[in-house]
Amino acid sequence: MESIDCPTESFLYLCHQTFFVDAVVHYYAAGGECDYDRGLGEAII
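Basically the working numbering = 1-based index in the sequence shown + 323.
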């Protein structure tokens, strides 16, 4: 992954990661059965 030097880009990247994690959590809470553990782990890194 490229280094992010711009504070705005860093903020947007963190928002994107948080959105993905939250989406997966809500998916599981709604009864979703697909295994996103690997993708979720990679998204957090």
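Note that beta-carbon positions come from the ideal geometry of N, C-alpha and C, so glycine has one too.
Everything numeric in this text was worked out from a predicted model, so none of it was measured.
Limits of the alpha helix (DSSP H) - the one that residue i falls within
| i | result |
| --- | --- |
| E332 | 330-352 |
For residue j and residue i, the rounded distance between their alpha carbons
| i | j | result |
| --- | --- | --- |
| G354 | T331 | 35 Å |
| E356 | H339 | 23 Å |
| V344 | Y350 | 10 Å |
8 Å contact criterion, which residue i and residue j should meet: CB distance rounded
| i | j | result |
| --- | --- | --- |
| V347 | Y359 | 5 Å |
Reference residue i; option with closest CA among the options
| i | options | result |
| --- | --- | --- |
| E365 | A352, S333, T341, F334 | T341 |
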